[in-house]
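First residue of the sequence shown? That's -17 in the numbering used here, and the numbers climb one at a time after it.
Backbone N, C-alpha and C fix where the C-beta goes; we use that ideal spot for every residue, glycine too.
Small disclaimer: the values here were computed from a predicted structure and weren't measured.
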Amino acid sequence: MERRELFGSLASAFKPKQELFIRPPYAHNSAAFEQECLECDGKCATVCEEQIIQIGDDKTPRLFFSESGCTYCDACAIACEYGVLHVDWKRPIAATFEIDVSACISWHNVMCFSCKDPCLDDATVFDGVFRPEIDMSKCTSCGFCVRVCPTNAIKVEVNEHE
Ligand code: SF4
Ligand code: SF4
Ligand code: SF4
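Structural data, given as structure tokens:
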């Protein structure tokens, strides 16, 4: 391998990984956020009734489930005038949910159904009355279970964008 090629491949190996955000569930091209949102005044965040969209310093929207979840109401997509979000591109939120068994009190023999009640998709599956797990084949990634957990045991991981 030539020296230049070697340094090129080393540089790309050490390139910092771009931070991923949970985006509103109506985009089909993740690059459009960085390209188009700069011109916008964050309309999607203004119209979100659940107030889960925050606009970052880079002017792009991201979802936070600390106070509420997504109802897939379409409002953010309808409000977007820059072609980043569109109702035709509706899709599940690109995030995976998992219960941290070391933090979940139900895994330590304390009865708790806090994450079961808000889950309209029946995705929090209990082994009898204890040890819940999230069934990602049913989970719609709405995020409504996150806030209600008394020990903050529901972990959210952003999936890679296309
Ligand atoms: S679909 Fe509705 S609830 Fe979900 S982020 Fe968009 S505006 Fe908010
Ligand atoms: S409304 Fe559209 S263009 Fe504006 S910040 Fe939201 S996604 Fe970006
Ligand atoms: S994120 Fe998944 S497990 Fe949590 S309430 Fe929504 S559908 Fe249920």
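With a threshold of 16 other CB atoms inside 10 Å of the CB of residue i, please say whether the residue is buried or exposed.
{"i": "lysine 25", "result": "buried"}
{"i": "leucine 20", "result": "exposed"}
{"i": "proline 7", "result": "buried"}
{"i": "phenylalanine 28", "result": "First, the amino acid is wrong: residue 28 is threonine here, not phenylalanine. When all chains shown are included, threonine 28 counts as exposed."}
{"i": "phenylalanine 3", "result": "buried"}
{"i": "glycine 51", "result": "buried"}
If you measure from the CB of residue i, is any heavy atom of ligand 1 nearer than 6 Å?
{"i": "cysteine 58", "result": "yes"}
{"i": "glutamate 32", "result": "yes"}
{"i": "tyrosine 64", "result": "no"}
Let me know the secondary structure DSSP gives residue i once reduced to three states.
{"i": "alanine 105", "result": "coil"}
{"i": "glutamine 85", "result": "Glutamine is not the amino acid found at residue 85; the sequence shown has alanine there. Three-state DSSP puts alanine 85 in coil, outside helix and strand."}
{"i": "valine 130", "result": "helix"}
{"i": "glutamate 142", "result": "coil"}
{"i": "threonine 28", "result": "helix"}
{"i": "leucine 20", "result": "helix"}
{"i": "histidine 90", "result": "helix"}
{"i": "phenylalanine 204", "result": "Outside the shown range of the chain (-17 to 144) lies residue 204, about which nothing can therefore be said."}
{"i": "cysteine 58", "result": "helix"}
{"i": "alanine 13", "result": "helix"}
{"i": "aspartate 70", "result": "helix"}
Are there any heavy atoms of ligand 3 lying less than 6 Å away from the beta-carbon of residue i, as far as the coordinates show?
{"i": "isoleucine 37", "result": "no"}
{"i": "isoleucine 4", "result": "no"}
{"i": "glycine 24", "result": "no"}
Based on DSSP bridge pairs, tell me the residues matched to residue i.
{"i": "lysine 137", "result": "Glu80"}
{"i": "isoleucine 4", "result": "Per DSSP, none; premise fails for isoleucine 4."}
{"i": "isoleucine 116", "result": "Thr106"}
{"i": "isoleucine 35", "result": "Leu45"}
Any heavy atom of ligand 2 closer than 6 Å to the CB of residue i?
{"i": "proline 43", "result": "yes"}
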